[in-house]
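Numbering (full-length UniProt numbering), first residue to last: 1 to 339.
Report on the following structure.
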């Protein structure tokens with residue numbers, strides 16, 4: 001216990017120094033940029049650092065940064081024992097008490113639910129399939145998030161054991177009774193809708209009085225603008241040319257029309273698209289993104305969620321990787337020849 005108290009005091013002193021240095025650096029940076037030191041936000045700090053210390057490093061963690069020490073430095077667990085030196089948890093001596101206790105509690109819930117299911121079968125009560133726990137729209141926490149939740153280092157095997165136990169629990173017939181427990185370890189993907197800027201826009205009308213929606217999309221170097229007419233017969237033109245002439249490859253045509261197929265709008269709307277720069281695959285991806293953004297204005301919220309889960313509302317950041325010096329390509333090496 002004495003050693004823990006000494007380490008805790010040393011850690012608190014270290015954190016106090018780091019926080020003081022952060023506050024000093026924050027105020028100094030505000031003075032350099034002409035901002036109010038009392039009201040400067042973390043976004044202002046990030047923009048100032050990017051302006052003063054530009055970096056071309058691909059790994060963002062390697063770039064210059066100024067963040068609060070509590071966001072960067074690893075967290076330290078609080079004391080897990082009382083003044084008499086006795087640990088609070090009976091799992092203290094397992095090495096990873098929080099993780100092991102979680103597995104223990106999950107195993108108890110498994111036994112309870114299986115016993116409850118057996119009792120219901122004995123009474124002749126059939127399980128209502130409509131009450132089955134639905135996990136759509138969420139996913140299990142990743143390895144790093146689980147480690148942060150437990151404040152303990154987990155090996156790949158330990159993480160896999162935890163996930164398999166949770167999946168076993170969630171697939172039981174009466175798992176909905178433990179919904180709160182299960183969703184403590186799942187990330188709700190629906191919250192990401194707030195980041196997609198999916199606000200509804202008013203319908204626009206052309207000179208002929210036809211209602212349409214308009215939006216833009218990008219993919220690689222290609223930039224597209226799509227006008228989607230609500231009432232149509234399935235006519236698609238790209239840069240004033242017929243759809244089949246502009247995209248002779250079947251894969252490109254399937255990519256463009258996939259949002260319409262998913263929302264059941266094939267042959268029910270007309271599309272006028274303009275696209276420039278890039279190749280055929282990049283142009284098809286840009287049109288698909290713009291078309292998906294237009295579709296969210298005319299489909300119910302449930303269908304918008306399907307579009308998001310299908311990845312149709314997310315910009316694809318992938319680009320062609322450059323050729324490296326001393327190599328034949330981005331990854332390919334020259335053939336080795338014996339001298």
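The beta-carbon is built from N, C-alpha and C at its ideal position, and this holds for glycine as well.
Everything numeric in this text was worked out from a predicted model, so none of it was measured.
Inter-residue spacing [alpha-carbon to alpha-carbon] between residue i and residue j
i	j	result
residue 215	residue 236	16 Å
residue 69	residue 177	40 Å
residue 253	residue 262	14 Å
residue 230	residue 27	54 Å
residue 90	residue 108	16 Å
residue 165	residue 155	16 Å
residue 268	residue 293	17 Å
residue 206	residue 228	12 Å
residue 345	residue 337	No answer is possible for residue 345: it lies beyond the span of the chain, which begins at 1 and ends at 339.
residue 119	residue 168	20 Å
residue 104	residue 95	14 Å
residue 153	residue 143	10 Å
residue 11	residue 20	14 Å
residue 270	residue 45	47 Å
residue 162	residue 334	44 Å
residue 93	residue 102	15 Å
residue 194	residue 141	Residue placement at residue 194 cannot be trusted, given a pLDDT of 45 that sits under 50; what the coordinates show is reported in the next sentence. So the two alpha carbons sit approximately 20 Å from each other.
residue 37	residue 16	20 Å
residue 279	residue 234	24 Å
residue 255	residue 182	36 Å
residue 7	residue 304	52 Å
residue 115	residue 130	21 Å
residue 171	residue 34	57 Å
residue 184	residue 110	16 Å
residue 32	residue 323	40 Å
Anticipated Cβ contact below 8 Å, residue i with residue j, distance rounded
i	j	result
residue 297	residue 218	Contact doesn't hold; Cβ gap of about 19 Å is too wide.
residue 173	residue 112	About 13 Å separates the two Cβ atoms, so there is no contact after all.
residue 286	residue 224	4 Å
residue 226	residue 291	5 Å
residue 259	residue 307	7 Å
residue 203	residue 211	4 Å
residue 53	residue 29	Rounded, the Cβ-Cβ distance is 11 Å, inconsistent with contact.
residue 240	residue 188	The Cβ separation is near 44 Å, so there is no contact.
residue 133	residue 179	6 Å
residue 275	residue 238	6 Å
residue 49	residue 64	5 Å
Cβ-based burial, residue i [other Cβ within 10 Å; buried from 16]
i	result
residue 124	exposed
residue 246	buried
residue 213	buried
residue 325	exposed
residue 150	buried
residue 97	buried
residue 74	exposed
residue 100	buried
residue 301	exposed
residue 265	buried
residue 288	buried
residue 24	exposed
residue 158	buried
residue 244	exposed
residue 330	exposed
residue 257	buried
residue 282	buried
residue 59	exposed
residue 222	buried
residue 250	exposed
Check: residue i C-beta below 7 Å from any heavy atom of the ligand GTP
i	result
residue 91	Absent from the structure shown: the ligand GTP. Ligands present: none.
Secondary structure of residue i, DSSP reduced to three states
i	result
residue 195	Summary for residue 195: the model assigns pLDDT 45, below 50, so the residue's position carries little reliability, and this model does not support an answer.
residue 237	strand
residue 69	helix
residue 161	helix
residue 242	strand
residue 259	helix
residue 271	strand
residue 16	helix
residue 324	coil
residue 215	strand
residue 42	helix
residue 204	strand
residue 338	coil
residue 8	helix
residue 299	coil
residue 97	helix
residue 312	coil
residue 306	helix
residue 132	coil
residue 333	coil
residue 227	strand
residue 188	strand
residue 292	helix
residue 155	coil
Residue i at chain D interface by Cβ criterion, 8 Å
i	result
residue 228	No chain D appears in this structure, which consists of one protein chain only.
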